[in-house]
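Step one of this worksheet: look at the structure below.
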Amino acid sequence: MYDFQNTVLLTARPEKSTIVIRYLTLLLAAAGLLGCIWVNPLIFALPAVLLIVLWWWTWFHTNIEYEYTYFDGGIDFDRIRDKRKRKNMISIHMDQVEQIAPVGDGSLRSAHQDTNVKFMDYSSRKQGRKFYEIIWKDSGDTICIRFEPNEKFLDSISIKYGRKVKR
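Start counting the sequence shown at 1; every next residue gets the next number (the numbering used here).
Structure, rendered in structure tokens:
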């Protein structure tokens, strides 16, 4: 009776380590090319080419998108790399969810203080966005999932599981 489907797709901001590696390989590749020109082409050619290939790979093959799909009481979290490779990260059912609330809400304080809670981040990590967290219990384990739903996604969940969603 309540068969609603909603999907959210968002692009994640690269992690700081990825950004550092991108610019470091670009800097080293430029230094290698300058070494080929000014010092000795035979010594600097192979490292420069390898660093250019490494820079190209870090720049064009580290793009990550997250997709959240809600259908009939289940939420699937998928990670898409480079718009080609899709991997299902986790699938949860709303019957096992304790609460969905905005990050920083007081009702999530007990979950954040518990040392046995496993945290997963499937958000864009961009400033100025509204993030939510799901507290999910699965066979004795408590998992806190950070994600970034839109209002339509939350409305779809609220139709059947309105008491579990806090806005």
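Glycine residues also receive a C-beta, built at the ideal position from the N, C-alpha and C atoms. Being a predicted model, the structure only gives us computed values, none of them experimental.
I think residue i touches residue j, with their Cβ atoms under 8 Å apart; what is that distance to the nearest whole Å?
i	j	result
tryptophan 136	valine 97	5 Å
threonine 11	glutamate 65	5 Å
Rounded to whole angstroms, what's the CA-CA distance from residue i to residue j? Just pull it up for me.
i	j	result
aspartate 155	arginine 86	26 Å
lysine 16	asparagine 116	27 Å
glycine 162	lysine 118	25 Å
glycine 104	leucine 28	41 Å
isoleucine 138	leucine 9	A small fix is needed here, since residue 138 is aspartate in this sequence, not isoleucine. Roughly 25 Å separates the two Cα atoms.
serine 177	alanine 45	Outside the shown range of the chain (1 to 167) lies residue 177, about which nothing can therefore be said.
lysine 160	arginine 84	33 Å
cysteine 36	threonine 62	28 Å
phenylalanine 60	threonine 18	11 Å
arginine 167	glycine 140	26 Å
asparagine 40	leucine 50	16 Å
histidine 93	aspartate 82	28 Å
glutamine 5	aspartate 95	17 Å
tryptophan 38	tryptophan 56	24 Å
arginine 109	isoleucine 43	58 Å
serine 91	glycine 73	11 Å
Could you check whether residue j and residue i sit closer than 8 Å to each other, using their CB atoms as the reference points?
i	j	result
serine 181	arginine 13	Past the edges of the chain, shown from 1 to 167, lies residue 181, and the structure says nothing about it.
phenylalanine 89	phenylalanine 77	First, the amino acid is wrong: residue 89 is methionine here, not phenylalanine. Yes, Cβ-Cβ distance for methionine 89 and phenylalanine 77 is below 8 Å.
isoleucine 75	glutamate 67	no
cysteine 144	alanine 111	yes
leucine 33	alanine 48	yes
Out of the options, state which residue places its alpha-carbon closest to the alpha-carbon of residue i.
i	options	result
isoleucine 157	Gln99, Val103, Trp57 and Thr142	Gln99
leucine 54	Cys144, Leu26 and Ile92	Leu26
isoleucine 52	Ala31, Asn40 and Pro41	Ala31
valine 20	Pro47, Leu33, Thr58 and Ile37	Thr58
glutamate 133	Thr18, Asp121 and His93	Asp121
lysine 152	Asn40, Asp114 and Thr69	Thr69
glutamine 113	Ile92, Thr142 and Ser91	Thr142
message: Does the structure place the segment 111-131 close enough to the segment 142-155 that three or more beta carbon pairs sit under 8 Å?
response: yes
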